[in-house]
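Residue numbers for the sequence shown follow full-length UniProt numbering, so the first one is 1 and each next one is one higher.
Okay, so here's the structure we're looking at.
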Amino acid sequence: MALSVPCYSPSFRKPPEVVRLRRKRARSRGAAASPPRELPEPAARRAALAAGLHLRPFPAAGGRGGGGGPAAARRNPFARLDNRPRVAAEPPDGPAREQPEAPGPFLDSNQENDLLWEEKFPERTTVTELPQTSHVSFSESDIPSSENTELPVDWSIKTRLLFTSSQPFTWADHLKAQEEAQGLVQHCRATEVTLPKSIQDPKLSTELRCAFQQSLIYWLHPALSWLPLFPRIGADRKMAGKTSPWSNDATLQHVLMSDWSVSFTSLYNLLKTKLCPYFYVCTYQFTVLFRAAGLAGSDLITALISPTTRGLREAMRNEGIEFSLPLIKESGYKKETASGTSLGYGEEQAISDDDEEESFSWLEEMGVQDKIKKPDILSIKLRKEKHEVQMDHRPESVVLVKGMNTFTLLNFLINCKSLVATSGPQAGLPPTLLSPVAFRGATMQILKARSVNVKTQALSGYRDQFSLEITGPIMPHSLHSLTMLLKSSQSGSFSAVLYPHEPTAVFNICLPVDKVLDMEAVHKELTNCGLHPNTLEQLSQIPLLGKSSLRNVVLRDYIYNWRS
Numbered sequence: 001m002a003l004s005v006p007c008y009s010p011s012f013r014k015p016p017e018v019v020r021l022r023r024k025r026a027r028s029r030g031a032a033a034s035p036p037r038e039l040p041e042p043a044a045r046r047a048a049l050a051a052g053l054h055l056r057p058f059p060a061a062g063g064r065g066g067g068g069g070p071a072a073a074r075r076n077p078f079a080r081l082d083n084r085p086r087v088a089a090e091p092p093d094g095p096a097r098e099q100p101e102a103p104g105p106f107l108d109s110n111q112e113n114d115l116l117w118e119e120k121f122p123e124r125t126t127v128t129e130l131p132q133t134s135h136v137s138f139s140e141s142d143i144p145s146s147e148n149t150e151l152p153v154d155w156s157i158k159t160r161l162l163f164t165s166s167q168p169f170t171w172a173d174h175l176k177a178q179e180e181a182q183g184l185v186q187h188c189r190a191t192e193v194t195l196p197k198s199i200q201d202p203k204l205s206t207e208l209r210c211a212f213q214q215s216l217i218y219w220l221h222p223a224l225s226w227l228p229l230f231p232r233i234g235a236d237r238k239m240a241g242k243t244s245p246w247s248n249d250a251t252l253q254h255v256l257m258s259d260w261s262v263s264f265t266s267l268y269n270l271l272k273t274k275l276c277p278y279f280y281v282c283t284y285q286f287t288v289l290f291r292a293a294g295l296a297g298s299d300l301i302t303a304l305i306s307p308t309t310r311g312l313r314e315a316m317r318n319e320g321i322e323f324s325l326p327l328i329k330e331s332g333y334k335k336e337t338a339s340g341t342s343l344g345y346g347e348e349q350a351i352s353d354d355d356e357e358e359s360f361s362w363l364e365e366m367g368v369q370d371k372i373k374k375p376d377i378l379s380i381k382l383r384k385e386k387h388e389v390q391m392d393h394r395p396e397s398v399v400l401v402k403g404m405n406t407f408t409l410l411n412f413l414i415n416c417k418s419l420v421a422t423s424g425p426q427a428g429l430p431p432t433l434l435s436p437v438a439f440r441g442a443t444m445q446i447l448k449a450r451s452v453n454v455k456t457q458a459l460s461g462y463r464d465q466f467s468l469e470i471t472g473p474i475m476p477h478s479l480h481s482l483t484m485l486l487k488s489s490q491s492g493s494f495s496a497v498l499y500p501h502e503p504t505a506v507f508n509i510c511l512p513v514d515k516v517l518d519m520e521a522v523h524k525e526l527t528n529c530g531l532h533p534n535t536l537e538q539l540s541q542i543p544l545l546g547k548s549s550l551r552n553v554v555l556r557d558y559i560y561n562w563r564s
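Below, the structure is given as structure tokens:
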């Protein structure tokens, strides 16, 4: 028994290794001492063979492999799911790669599992090899064929942004009181800030830090600091256990909804007069995006609602709101008109009644209409509208409302009883209004920014990796403003991972365009909307992302590559 030494001993082996070593030595000594010989067959086996039964060959004493040959090397049965030996030969057209080093004579169970993982997935890299580049790698199918100096417009709301760069983000931390105040004033006055292409020392640039503060500001209603008011879809778990004195107080609920209606109307009036470019209405079931005329290639005010249900669409029809389903090719009595709006409720009902009469006319011709039980009208209606129910709560259920119908939609949402939850953690809480500009009853909020510096292992040792994290409801104008700032501060090189709020990704669909807009006239009309001219120019573009949104962005030498 070896004495225990306080310091580390290189020759120390774990008990399983010692037992494995003794077994290996015992087998090697036995094989060298006596040649392999066949064991006498048992009497029961000889009797079975004499009776004509087919039995497998009796194993030899020399090993497990059958016959008297040397013992075959035992392999782990869990190395492959199909439990078949691997083919040693590499395909002639396969890529050549280095063979893994042979394992030592003694491996513990963890080392054996690691070796098997490397054999099964030889292409994997170790954790220390992953962060060797500060950018996100893309496949050929993910990178657009033509590189661009600007990102495509993205109308989805982001919940988190993570920027990484080889240059530090320390300039974004601990703003001075004067810089913070200047940033607030620049936002309220819609001051246009133009930065140089590259900033030599970002930490000493007061103009950059003030512009960064300006790009983090957004406006919110209602504002309850102890409740997370975005996102609202699927937020019951985060709101559970929070104080909500209005949930059982009808008077307080009425006051909250009255204030919310005033704020909602104020936002729409700003949008109509082109003093607000866009805003979001976030309910616990769906999200609405209102856009001013001239944005996204449309010459009218537009509103997108996603996701929707058959009940909501039916209620909108009953209120006389004309809308279309851009992602659904409707047919039959739901067919859209040439103008892109759906048929009126009365026309649909008349066509539906005609279809029902024609479907049973053949029974009257045969004279058996009284002997066969007809399906009731409700069953026929549910069968015809089965496709509508199937697309509920899906991106395909997005609804488009245009022009003066958006004002009718405004009144519908204000008076809609199902807009507010009646039970659960969100009971009695009005929807969240998000806007890039101030409106009546709004509260100024600031996105949270945090920079982190870490050291990552590289081929030549360790190198610094810098990251900047932005969290909160990040709207399209904030995303564009931040990328413009980082393009100057990081010398045209950074990468970003974007986390969108999935129900809003469908807002990037391309809408039917009636006519090509004059961009100069659009920018002139929206000059006072509170956005930077470059941001306004981007938001005026026709969306190209479809039902997806930006997820990875790489800027290298002032050229963007992106993946959705």
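In this text, a Cβ means the ideal position worked out from N, Cα and C, and glycines have one as well.
At the level of alpha carbons, what is the spacing between residue i and residue j?
i, j, result
"K272", "Q465", "46 Å"
"R189", "G530", "8 Å"
"W171", "T471", "18 Å"
"M484", "F323", "36 Å"
"Q182", "L175", "11 Å"
"V452", "F169", "8 Å"
"I509", "A496", "23 Å"
"C276", "S488", "27 Å"
"S493", "D557", "6 Å"
"N148", "H254", "51 Å"
"Q457", "L468", "20 Å"
"N405", "R317", "11 Å"
"L544", "D514", "17 Å"
"G546", "H501", "15 Å"
"S263", "E520", "31 Å"
"V554", "S491", "13 Å"
"T25", "K14", "It is worth fixing the name first, because residue 25 is Arg in this sequence and not Thr. If I take the Cα positions, the gap works out to 17 Å."
"P202", "L459", "29 Å"
For residue i, name the three-state secondary structure that DSSP assigns.
i, result
"M404", "coil"
"S215", "helix"
"Y558", "coil"
"I321", "coil"
"K14", "coil"
"F106", "Because the pLDDT at F106 is just 40, under 50, the model does not fix this residue reliably, and the value given afterwards should be weighed accordingly. Coil at F106, not helix or strand."
"G68", "For G68, the predicted model reports a pLDDT of 44, less than 50, meaning its position is unreliable and no value from the coordinates is stated."
"K158", "strand"
"S261", "helix"
"G311", "helix"
"N148", "strand"
"T170", "helix"
"G332", "Here the model assigns G332 a pLDDT of 36, short of 50, so the residue's position is not dependable, and the following value carries that caveat. Three-state DSSP puts G332 in a helix."
"F230", "coil"
"F439", "coil"
"K176", "coil"
Quick one: measure Cβ to Cβ for residue i and residue j, integer angstroms, because I've assumed they're closer than 8 Å.
i, j, result
"I305", "V398", "7 Å"
"L434", "F230", "7 Å"
"I217", "L208", "Going by Cβ atoms, the distance from I217 to L208 rounds to 16 Å, so no, they are not a contact pair."
"Y280", "R291", "Actually they do not touch by this definition, with Cβ atoms about 10 Å apart."
"S549", "S156", "4 Å"
"Y499", "L151", "No, Y499 and L151 are not in contact; Cβ-Cβ is about 16 Å, not under 8 Å."
Tell me residue i's beta-bridge partners as DSSP assigns them.
i, result
"I446", "I217"
"I305", "V288, V399"
"residue 567", "Missing from the structure shown is residue 567; the chain here goes from 1 to 564 and no further."
"R563", "N552"
"Q465", "V454"
"L433", "H221, V281"
"V516", "Paired residues: none, contrary to the question."
"A496", "F163, V553"
"T535", "Beta-bridge pairing links T535 to no other residue."
"residue 572", "Lying outside 1 to 564, the shown extent of the chain, residue 572 is not represented and no answer is given."
Given a cut-off of 8 Å, decide if residue j and residue i are closer than it, judged by their beta-carbon atoms.
i, j, result
"L267", "P222", "no"
"I414", "S225", "no"
"A296", "L162", "no"
"T159", "E179", "no"
"L409", "V420", "no"
"P533", "E319", "no"
"P503", "P307", "yes"
"D236", "P425", "yes"
"A438", "W246", "no"
"L517", "P476", "no"
"L300", "G403", "yes"
Does residue i come within less than 8 Å of chain B when only Cβ atoms are used?
i, result
"S263", "Given the protein chain composition of this structure (a single chain), no chain B is represented."
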